[in-house]
Amino acid sequence: MGSKGTELKEFIKEQQELEREERNRLREEQERQRESEKEQREHDRIHHDKLDKFRLAQMEREKEKEQREREEQKEQREREKEREQSEKEQRDYQREKDEKDREFEIERMKFERDKMDFESKMKTTDTKKASSDISEDGEGEDNKEVSIASGHTHQRIGVKGPKMPCLDDRSDDMDSFLHRFEVHAESQGWNKGQLAVYLSALSTGKALEVYSRLPVKDAQDYEILKDALPKRFNLTEEGFKQKFKSATAEVGEAPLSLLPGWRII
Numbered sequence: 023m024g025s026k027g028t029e030l031k032e033f034i035k036e037q038q039e040l041e042r043e044e045r046n047r048l049r050e051e052q053e054r055q056r057e058s059e060k061e062q063r064e065h066d067r068i069h070h071d072k073l074d075k076f077r078l079a080q081m082e083r084e085k086e087k088e089q090r091e092r093e094e095q096k097e098q099r100e101r102e103k104e105r106e107q108s109e110k111e112q113r114d115y116q117r118e119k120d121e122k123d124r125e126f127e128i129e130r131m132k133f134e135r136d137k138m139d140f141e142s143k144m145k146t147t148d149t150k151k152a153s154s155d156i157s158e159d160g161e162g163e164d165n166k167e168v169s170i171a172s173g174h175t176h177q178r179i180g181v182k183g184p185k186m187p188c189l190d191d192r193s194d195d196m197d198s199f200l201h202r203f204e205v206h207a208e209s210q211g212w213n214k215g216q217l218a219v220y221l222s223a224l225s226t227g228k229a230l231e232v233y234s235r236l237p238v239k240d241a242q243d244y245e246i247l248k249d250a251l252p253k254r255f256n257l258t259e260e261g262f263k264q265k266f267k268s269a270t271a272e273v274g275e276a277p278l279s280l281l282p283g284w285r286i287i
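Numbering-wise (our numbering), the sequence shown opens with residue 23 and increments by one.
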C-alpha cells in the first residue's frame, strides 16, 4: 500500500508536470502567434502607409501636371491673342498706308492734270500771241490766209511774204519744211525768241503733238523744238539709212539728194 501510494503520487506529479509543460507550450505558442499577428499587422500597416504615400504622391504629380497644362494652355491663349492683335494692328496699319497712298496718288494725278491744263493754256496763249504778231507783221503787205491747228482749235492767220503753207506731216519732208521756215523767218525779220511759237502756229498732226508734249519752257525754245521734231518723224541716223535704202533716184538725180538735210551745191 505504501509503494502504491508513492507511485500514485509520482504519477500524478508527472501528469501535473506534463500538463504544466503543455500549458507552457500552448502559452508560448499563443505568444508566438500573437507576435506573428502583431508583426503581420505592423507589416500591413507599413505597406498601407507606403501605398497611401505612393497614391498621395501620384495624386500630387497628376495635380501638378494638370496645373502645368492649364498654365501652358493659358500662355498659349495669350500668345495667340497677342499674335491676333499684332496681325490686326498690321492690317490696320497697311490699310491706313494704302489709303494714304491712294490719297497721295489722287493728289499727284490732280496736280499733274492741273499742270497739264496750265501748260496747255500757256501754249494756247503763246500761239494766240504769235498769231496776233504774225497778223500785225502782215498789215499793208501781200498776205495769204493759212489755216493752222492750235491744240484742238483752228485759227486763220495772216503770213507775211512768200507763201508758207502749214506743215502736212503726210506729204511734207520735215527737214525741208524747217529749212523753208527758217528762210521765211529770216526774210520776215521775225524775233528768234518767237520762232518756236511761230513754228507751232504752222504745225499740224504729229508736229503739233510734239510741241504740245514739251514743257512750257522748252516749248518756247526753237532749238529744243527743232531737235525734238526729227525724232518724232524718224529723222535719225537709222531713219536716214532706211529712207536711203528704200528711195529710188529719178533720172538725172544725184544719190545724195535722196537724203533729207543733204543739198547739192
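From the three backbone atoms N, C-alpha and C, an ideal C-beta is built for every residue, glycine too.
By the Cβ criterion, the stretch 198-208 is not in contact with the stretch 92-111, since fewer than three pairs of Cβ atoms, one from each stretch, lie closer than 8 Å. Around the beta carbon of leucine 48, fewer than 16 other beta carbons lie within 10 angstroms, which makes this residue exposed.
By the criterion of at least three beta-carbon pairs nearer than 8 Å, the stretch 222-229 is not in contact with the stretch 121-129. No residue range can be given for serine 225, since it is assigned to no alpha helix (DSSP H) and is classified by DSSP as neither H nor E. For methionine 196, the enclosing alpha helix (DSSP H) has its first and last residue at 196-210. For arginine 254, the enclosing alpha helix (DSSP H) starts and ends at 244-254.
Contact check for alanine 223 and aspartate 243: beta-carbon distance about 16 Å, past the 8 Å limit, so the pair fails to qualify. DSSP places aspartate 240 in the uninterrupted alpha helix (DSSP H) bounded by 238-241. Counting only the Cα atoms, glutamate 118 lies some 10 Å from glutamate 125. When DSSP states are grouped into helix, strand and coil, asparagine 46 belongs to the helix group. Buried is the label assigned to aspartate 191, since at least 16 other Cβ atoms lie within 10 Å of its Cβ. Each residue's CA atom was taken as its position, placing asparagine 213 and aspartate 194 some 25 Å apart. Spanning the alpha carbons of methionine 196 and aspartate 120 requires a straight line of approximately 48 Å. Arginine 202 sits away from valine 232, with the two beta carbons spaced by 8 Å or more.
By the beta-carbon neighbour count (other beta carbons within 10 angstroms, threshold 16), leucine 78 is exposed. By the 16-neighbour rule on beta-carbons within 10 angstroms, phenylalanine 133 is exposed.
Nearest neighbour of lysine 248 by Cα position, chosen from Gln216, Gly211, Leu200 and Glu100, turns out to be Leu200. Tyrosine 220 counts as buried, since no fewer than 16 other beta carbons sit within 10 angstroms of its beta carbon. When the beta-carbon positions are compared, valine 238 and methionine 144 come within less than 8 Å of each other. If you draw a straight line from the Cα of glutamate 84 to the Cα of arginine 101, it is about 25 Å long. Around the C-beta of methionine 81, fewer than 16 other C-beta atoms lie within 10 Å, and the residue is accordingly described as exposed. Residues Asp240 of the same chain have their beta carbon placed closer than 6 Å to that of isoleucine 246, with the five preceding and five following residues left out of the count. By the neighbour-count criterion, in which 16 or more other beta carbons inside 10 Å mark a residue as buried, leucine 30 falls on the exposed side. Taking all protein chains in view, the Cβ of leucine 251 is crowded by 16 or more other Cβ atoms within 10 Å, so the residue is classified as buried. Rounded to the nearest angstrom, the gap between the Cα atoms of lysine 87 and glutamine 95 is 12 Å.
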